[in-house]
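Contents: one structure, followed by commentary.
Numbering (the working numbering), first residue to last: 5 to 210.
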């Protein structure tokens with residue numbers, strides 16, 4: 005009779021608390037792993053969008069350079085870089101610091117905006133909810149020289165920079181006035197960066 009009572013004995017409070025503690029530790033580990041996985045997936049998605057934006061802007065600068073058609077064999081003494089292009093003409097003012105692409109005062113922003121939403125779509129002028137921002141820097145590799153002895157094979161280097169806020173930070177909002185200077189010493193604590201580089205030359209055959 006005494007043995008039956010001993011066999012029917014339940015768990016003690018200490019055993020229950022020990023089991024609950026072990027379960028809580030295991031659950032916390034699983035939740036922590038899920039958080040890291042989710043954050044890693046979100047970072048990878050944003051990085052992928054930023055890479056696409058950087059590639060798009062290098063293509064925009066390449067397309068802009070097709071308007072730079074002189075000097076050429078027909079006009080060897082003139083250069084139309086500053087009059088025909090939208091952004092490539094900024095090679096003098098944007099050779100050291102990164103510049104934000106200029107936008108028209110009004111009209112369509114498609115294909116010209118420095119600000120993008122979370123899907124990588126152009127945002128209009130004056131937007132305050134930008135997720136990604138674009139800047140570029142231009143430097144001469146082979147300068148065009150001076151008239152009348154202009155270099156018909158002038159070449160410049162274009163560097164595109166895309167930056168966006170880290171997951172724990174608010175979105176940038178206004179690309180013309182970001183919350184932290186992307187060239188500042190603490191920028192790496194606020195933003196992620198993607199860079200793309202291309203070479204740009206005139207289009208004398210156009």
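Every residue, glycine too, gets a C-beta built ideally from N, C-alpha and C.
This one's a predicted model, so the numbers in the text were calculated from it and none came from an experiment.
Assuming residue i is part of the beta strand (DSSP E), what are its boundary residues?
i, result
"residue 142", "136-146"
"residue 201", "195-205"
"residue 4", "Beyond the ends of the chain as shown, which are 5 and 210, falls residue 4; an answer cannot be given."
Quick one: measure Cβ to Cβ for residue i and residue j, integer angstroms, because I've assumed they're closer than 8 Å.
i, j, result
"residue 154", "residue 99", "Between residue 99 and residue 154 the Cβ distance is about 19 Å, and since that is not below 8 Å, they are no contact."
"residue 158", "residue 147", "6 Å"
"residue 181", "residue 73", "In fact, because the Cβ distance is near 36 Å, the residues do not count as touching under 8 Å."
"residue 179", "residue 137", "4 Å"
"residue 204", "residue 92", "6 Å"
"residue 76", "residue 127", "Wrong, their Cβ atoms sit about 37 Å apart, outside the cutoff."
"residue 192", "residue 51", "At roughly 15 Å, the Cβ-Cβ gap does not stay under 8 Å, so residue 192 and residue 51 are not in contact."
"residue 105", "residue 140", "7 Å"
Classify residue i as buried or exposed, calling it buried when 16 or more other Cβ atoms lie within 10 Å of its own Cβ.
i, result
"residue 199", "exposed"
"residue 57", "buried"
"residue 65", "buried"
"residue 69", "buried"
"residue 67", "exposed"
"residue 29", "exposed"
"residue 61", "buried"
"residue 211", "Within the shown structure, residues of the chain are numbered from 5 to 210, placing residue 211 beyond reach of any answer."
"residue 145", "exposed"
"residue 167", "buried"
"residue 170", "exposed"
"residue 132", "exposed"
"residue 123", "exposed"
"residue 21", "exposed"
"residue 120", "buried"
"residue 81", "exposed"
"residue 134", "buried"
"residue 117", "buried"
"residue 24", "exposed"
"residue 85", "buried"
"residue 152", "exposed"
"residue 183", "exposed"
"residue 174", "exposed"
"residue 201", "exposed"
"residue 222", "Outside the displayed span of the chain (5 to 210) sits residue 222, for which this structure offers no information."
Per the DSSP calculation, residue i is bridged to which residue(s)?
i, result
"residue 149", "154"
"residue 126", "120"
"residue 177", "134"
Quick check for students: name the residue ranges of the alpha helix (DSSP H) that lie wholly in the stretch 59-122, counting only runs of 4 or more. 85-88
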